[in-house]
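Engineer:
Residue numbers (the numbering used here): 100 to 197.
Structure below.
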């Protein structure tokens, strides 16, 4: 195996491990049933009672009981492009859990 092939294989393995870690994280937060806060580019904060999941490309997030200026939406999808950052409830995590 050439040096380039070894390098490419290592990059693929690292990418796989990072993706699996991300999936474990989303699996954990979708089962925690704790409130999640989204901070948007328009300086708005949105709270949801729970995070239900994301699509494969992490471009959309499904939440429950989203509180907005227009009321509470039982289920809603938030586009990742609108989000600066997300505050997840991680106090239940133990070191090395995700």
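Beta carbons: idealized from backbone N, C-alpha and C, even for Gly.
Compute the Euclidean distance between the alpha carbons of residue 171 and residue 149, then round it to the nearest angstrom.
Structural biologist: Taking the straight line joining both Cα atoms gives about 13 Å.
Engineer: Would you mind stating whether residue 160 and residue 167 have Cβ atoms separated by less than 8 Å?
Structural biologist: No.
Engineer: Just to check my reading of the structure: residue 147 and residue 135 have Cβ atoms closer than 8 Å, yes? What is that Cβ distance to the nearest angstrom?
Structural biologist: About 5 Å; that satisfies the 8 Å criterion.
Engineer: Let me know if residue 137 comes out buried or exposed under the rule of 16 or more other beta-carbons within 10 Å of its beta-carbon.
Structural biologist: It counts as buried.
Engineer: What's the C-alpha gap between residue 144 and residue 106?
Structural biologist: So the two alpha carbons sit approximately 42 Å from each other.
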